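Notes to accompany the following structure.
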Amino acid sequence: MDNTSYVETVENLVDRIKGILTSAGLGGEAGEYKLVTQSFLYKFLNDKFLYEAKKEDSANDYQHLIDLSDDDYEMLQWSLGENSAQIQRKDLIETIYNQQNVDNFSEVFDTALNDIALDNNELFSVETAGNTQVRLFDAHLIEDNIQDGSQRDHVARELIKLLASTKFDSSIFDEGFDFFSTIFEYMIQDYNKNGGGNYAEYYTPRTIAKIIADILVGKENPSNVKVYDPSAGSGTLLMNVANRIGVNNCTVYSQDISQKSSNLLRLNLILNNLSHSIHNIVQGNTIINNKHPEKMDYIVSNPPFKLDFSSWRDQVESLPNSSEIYFAGVPKIPAKKKDSMAIYELFIQHIINSLSEKGKAGIVVPTGFLTAQSIDGKIRKYLVDNKMIDTVVSMPSNVFANTGTNVSVIFLNKDKQDGQVQLIDASKLGQKVKENGLQKTVLSQDDIKKIVDTAINREDIDDFSITVSLDEIKDKNYSFSAGQYFPVKIEYVELTQDEFEEKMQEYQKTLQQFFNDGKELEKLIKQNLEKIKYE
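Going by our numbering, the sequence shown runs without a break in its numbering and finishes at 1335.
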């Protein structure tokens, strides 16, 4: 199969899983995403195990594995190490398929997933900020998410028949990041509405993630580095940076307050050969309970911009070293519109504090951050005064289809060697399209290349990019907006005397009209004032 066939095969599997659940009345239900993602993950882990077993010994097809002695099977699992999940023979999909005619089949299905979760707890569990473990699979996936008991066996049988009939070609596991990131995006794309949660909470557009990763890593070839996202969502930014660096050259760290996003991130890590970093996923509040105090080499983040955190705002100020970490301040609680509290300002300061001595960061910010005062202004001043701001890219409007907020990306470099900053105005790039009834700007591959190449090569392009000094930024009140630094162009046009006189007559005529309109307005104002009486 070519790459297109791989994508079609896997996307078809996802669609058919959703179809089974929809037919059972579960479409759009709160637990649908769990049934979809965990059923798919079961299939992936099962076939990946069989793939790794055959790599170990070409004789290891399903029947041969069943015929192995217990000791030999245990030795095989040990030899596979972290390349594969540990799966007992009784929990393989084909074994479960052969039992589909038994009563209470949904319990057989649930037991298999429960076994796999328990057998792989050390490798695949996600930690919470409260130091508890979140398992790979729900203990009772079918039972807990299908309320109608009469539907449970039917759904379980349909799922196992589908999982058994769909064959992942062995070559699918040799496919790289682009393939699995596409599949992951396809799998979770429906969970942005009723019951599924807010998709924006979990996902950064791949084009933006690629731009950030390419600019952040640049021409370097790092190894043995720590990559961190304090508001990771489903991990799109982390996956792109890790892929750009090389999954064997980095360890991934993350934290996110959402249980759902942490579970999706775990799935993303498994799909992208980053299982070794799963134990660094933390579900919890990054700001008031940071579980990754170590300094990081690369940090990426698309933090929430506005959020009501009034219930724990005062806790931030009482944290140890709060005044050092949150040097620019903690947003006040407004009398109205508490949900507009600028929580991103906390994340930016947290990221600055989390960088290693040679650390770099790429952060999505609302474009208003580039010029706003108060806390935003203090942060920009700190970045300039400490020579940390390296590149700023203003993105087109609506690159995120689900928000009307214009966004920019700021790139920090704690080991910056010069006093120059690259400012890029990419706001005019892209093509406007409609997606799910919302206007979105789509960047082409040429657009992406132009942004990345300009940043990495530090090119100055008329009305697109400019390199300025830190002193120039100070003179502009620490503004990071590229447009304020572009040179003003005055175009000189040669005119004949007749053309000159004709233009002057037009200007005089227009000016006279303005004078006449002004007089009429003066009369009208005077008349209205005379009508005002004391009562």
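Heads up, the beta-carbon is just placed ideally off N, CA and C, and yes, glycines get one too. Please read these numbers as outputs of a predicted model, since none were measured by experiment.
8 Å contact criterion, which residue i and residue j should meet: CB distance rounded
{"i": "Gly1162", "j": "Ile1015", "result": "7 Å"}
{"i": "Glu894", "j": "Tyr862", "result": "5 Å"}
{"i": "Tyr1144", "j": "Pro1196", "result": "About 20 Å separates the two Cβ atoms, so there is no contact after all."}
{"i": "Ile946", "j": "Ala824", "result": "7 Å"}
{"i": "Lys873", "j": "Leu880", "result": "First, the residue type needs correcting, since residue 873 is Tyr and not Lys in the sequence shown. 11 Å between Cβ atoms; not a contact."}
{"i": "Thr837", "j": "Met987", "result": "6 Å"}
{"i": "Lys1138", "j": "Ser1110", "result": "5 Å"}
{"i": "Asn1213", "j": "Asp1246", "result": "The Cβ separation is near 27 Å, so there is no contact."}
{"i": "Pro1022", "j": "Ile1045", "result": "6 Å"}
{"i": "Asn1024", "j": "Asn1049", "result": "7 Å"}
Identity of the residue in the options nearest residue i by Cα
{"i": "Val1017", "options": "Thr895, Asp891, Asp1097 and Leu1238", "result": "Asp1097"}
{"i": "Val1027", "options": "Ile1151, Glu927 and Lys967", "result": "Ile1151"}
{"i": "Ser906", "options": "Glu874, Asp944, Gln888 and Ala885", "result": "Asp944"}
{"i": "His940", "options": "Leu923, Thr928 and Leu918", "result": "Leu918"}
{"i": "Val1199", "options": "Leu868, Ser1118, Met1188 and Val1209", "result": "Val1209"}
{"i": "Gln888", "options": "Ala853, Ser858 and Val902", "result": "Ala853"}
{"i": "Thr1051", "options": "Ser1077, Thr1036, Leu1069 and Pro1287", "result": "Ser1077"}
{"i": "Phe840", "options": "Ile1070, Leu1170, Lys1276 and Thr1205", "result": "Ile1070"}
{"i": "Lys967", "options": "Thr809, Asp948, Arg957 and Gly827", "result": "Thr809"}
{"i": "Asn1257", "options": "Tyr1126, Lys1095 and Glu1020", "result": "Glu1020"}
{"i": "Val1041", "options": "Thr1241, Ile1012, Pro1134 and Leu1223", "result": "Ile1012"}
{"i": "Lys1010", "options": "Ser1031, Ser1034, Tyr833 and Asn1043", "result": "Asn1043"}
{"i": "Asp1275", "options": "Leu1229, Leu1324, Asp1185 and Asp857", "result": "Asp1185"}
{"i": "Ser1061", "options": "Glu927, Ser1174 and Thr1205", "result": "Glu927"}
{"i": "Arg1066", "options": "Gly1283, Val1221, Glu1124 and Phe937", "result": "Phe937"}
{"i": "Leu813", "options": "Ile1045, Val908, Pro1287 and Tyr842", "result": "Tyr842"}
{"i": "Met1188", "options": "Ser1140, Leu1270, Val1252 and Asp1114", "result": "Leu1270"}
{"i": "Trp878", "options": "Asn920, Ser1123, Arg952 and Asn1328", "result": "Asn920"}
{"i": "Val908", "options": "Ala1128, Lys1250 and Ile942", "result": "Ile942"}
Helix, strand or coil at residue i according to DSSP, with G and I counted as helix
{"i": "Ala1226", "result": "coil"}
{"i": "Ala1135", "result": "coil"}
{"i": "Ser869", "result": "coil"}
{"i": "Lys1026", "result": "strand"}
{"i": "Met1188", "result": "coil"}
{"i": "Asp1246", "result": "helix"}
{"i": "Ala885", "result": "coil"}
{"i": "Glu1094", "result": "coil"}
{"i": "Gly819", "result": "helix"}
{"i": "Ile1266", "result": "strand"}
{"i": "Gly996", "result": "Legend: pLDDT at Gly996 = 39, less than 50; position of this residue unreliable, value from coordinates given subsequently. Reduced to three states, the DSSP call for Gly996 is coil."}
{"i": "Phe844", "result": "helix"}
{"i": "Phe979", "result": "helix"}
{"i": "Val1288", "result": "coil"}
{"i": "Leu1212", "result": "strand"}
{"i": "Gln989", "result": "coil"}
{"i": "Val902", "result": "coil"}
{"i": "Ser1281", "result": "coil"}
{"i": "Ser858", "result": "coil"}
{"i": "Val810", "result": "helix"}
8 Å Cβ cutoff met for residue i and residue j
{"i": "Val1047", "j": "Asn1072", "result": "yes"}
{"i": "Thr1254", "j": "Ile1248", "result": "no"}
{"i": "Gln1059", "j": "Val1082", "result": "no"}
{"i": "Arg1180", "j": "Leu962", "result": "no"}
{"i": "Phe973", "j": "Tyr851", "result": "yes"}
{"i": "Glu882", "j": "Ser1075", "result": "yes"}
{"i": "Ala964", "j": "Ile916", "result": "no"}
{"i": "Leu1146", "j": "Ile1087", "result": "yes"}
{"i": "Asn1068", "j": "Phe984", "result": "yes"}
{"i": "Ser1281", "j": "Leu1170", "result": "yes"}
{"i": "Leu892", "j": "Asn846", "result": "yes"}
{"i": "Val807", "j": "Thr1036", "result": "no"}
{"i": "Val1221", "j": "Gly1230", "result": "no"}
{"i": "Met1039", "j": "Phe977", "result": "yes"}
{"i": "Ile746", "j": "Asn1085", "result": "Residue 746 lies beyond the range of the chain shown here (801 to 1335); nothing can be said about it."}
{"i": "Ala1226", "j": "Ser1194", "result": "yes"}
{"i": "Ile1224", "j": "Val1252", "result": "no"}
{"i": "Val1207", "j": "Pro1166", "result": "yes"}
{"i": "Gly1159", "j": "Lys1232", "result": "no"}
{"i": "Leu958", "j": "Ile1148", "result": "First, the amino acid is wrong: residue 958 is Glu here, not Leu. Cβ distance not < 8 Å, so Glu958 and Ile1148 don't count as in contact."}
{"i": "Met1141", "j": "Leu1107", "result": "yes"}
Heavy atom of the ligand ZN within 7 Å of residue i beta-carbon
{"i": "Val836", "result": "The ligand content of the structure shown is nil, which means the ligand ZN is not present either."}
Test: residue i CB closer than 8 Å to a CB of chain B
{"i": "Asp872", "result": "Reference to chain B is not applicable here, since this structure consists of a single protein chain."}
3 or more residues per run - each beta strand (DSSP E) lying fully within the segment 1042-1079: Runs of the beta strand (DSSP E) inside the segment 1042-1079: 1050-1056.
Any beta strand (DSSP E) of 3 or more consecutive residues that is wholly inside the segment 1299-1335: The qualifying runs do not exist here; there are none.
Inside the segment 919-977 only - beta strand (DSSP E) runs reaching at least 3 residues: Secondary structure remark: continuous beta strand (DSSP E) runs of at least 3 residues inside the segment 919-977, in chain order: 926-928.
Completely contained alpha helix (DSSP H) runs for the segment 1106-1172, where each covers 4 or more residues: Listed in chain order, the complete alpha helix (DSSP H) runs (minimum 4 residues) inside the segment 1106-1172 are 1113-1117, 1122-1125 and 1144-1154.
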